[in-house]
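Asks: Please find one structure pasted underneath; my questions will follow.
What follows is the structure, given as structure tokens:
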């Protein structure tokens, strides 16, 4: 369902994005590219070549539209009115788990990056992140959780509660089935934000690379109180 719908809505408005148009996908990517601008960990993920950022983010957005959930907050009916986005993988789903998802941009991204960076991703980074959750929470826990993959709000719209609105949209669904919520984050600022959302740190690890080192925190929010979703 694209943004151009017949129902009347009030703004700002949070919704799940389904079957978006090309311009809508472009705006989803634009929001995340700006949100991660200046993020030191992005430089690590991209081997120091920040020009790779848009294609890496687009691959994640297009894969999530197939296998996960993409939530957006809008301040109007047009594609450029998308000002915030969160990408979640609900229970039973995971990032790039199908060939269809990988073929939506991820395979192409891997083909364009240097061999050294591709090896770092496949042989070090992805296994390290996977082990972080499996060692702390147990094998399969992440697959039974709402896993936050990417999250961002345009800088001009930060401080307006839009991030919390996006989070609560997913939280209502998670609480309806008493499903936990999990996120990996790489800055102390984000750790503080997620703590305000009710998450706690359950594990952490250093991330090393040829272009710099970082740190990753695994955070968990357990939703033990059932909440029925309406609307």
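Residue numbers (the working numbering): 125 to 355. Glycine included, each C-beta is placed from N, C-alpha and C at the ideal position. Source: prediction; values computed, not measured.
1. Using C-beta distances below 6 Å, list every residue in its chain close to residue 286, excluding the 5 sequence neighbours before and after it, in chain order.
2. Between 237, 230, 139, 305, which lies nearest to residue 215 when the distance is taken from Cα to Cα?
3. Where does residue 128 land, buried or exposed, given buried means 16+ other C-beta within 10 angstroms?
4. Any contact of the stretch 310-324 with the stretch 238-252, i.e. 3+ C-beta pairs under 8 Å?
5. Which value, in whole angstroms, describes the spacing of the CA atoms of residue 355 and residue 244?
6. Going by DSSP, which residues form a beta bridge with residue 162?
7. State the Cα-Cα distance for the pair residue 272 and residue 321, rounded to the nearest angstrom.
8. Judging by CA-CA distance, which residue of 331, 232, 205, 345 is the nearest neighbour of residue 178?
9. Which whole runs of the beta strand (DSSP E) in the stretch 135-216 are 3 residues long or more, in chain order?
Replies: This is what the structure gives:
1. Its chain contains 197, 208, 277 as the residues whose beta carbon lies nearer than 6 Å to that of residue 286, once the 5 sequence neighbours on both sides are disregarded; these appear in chain order.
2. The shortest CA-to-CA distance from residue 215 to any of 237, 230, 139, 305 is the one to 305.
3. Confidence is the limiting factor: at residue 128 the pLDDT is only 48, short of 50, which leaves the residue's position unreliable and the question unanswerable from this model.
4. At 8 Å Cβ cutoff, the stretches do not touch.
5. Note that residue 355 scores a pLDDT of 32, beneath 50, so its modelled location is shaky; the value from the coordinates is reported in the next line. Straight-line spacing of the CA atoms in residue 355 and residue 244 works out to 44 Å.
6. Assignment of beta-bridge partners to residue 162 by DSSP yields no partner.
7. Taking the straight line from one Cα to the other gives about 13 Å.
8. When 331, 232, 205, 345 are compared, the shortest CA-CA separation from residue 178 is found for 232.
9. The qualifying runs are 137-140, 193-198, 206-213.
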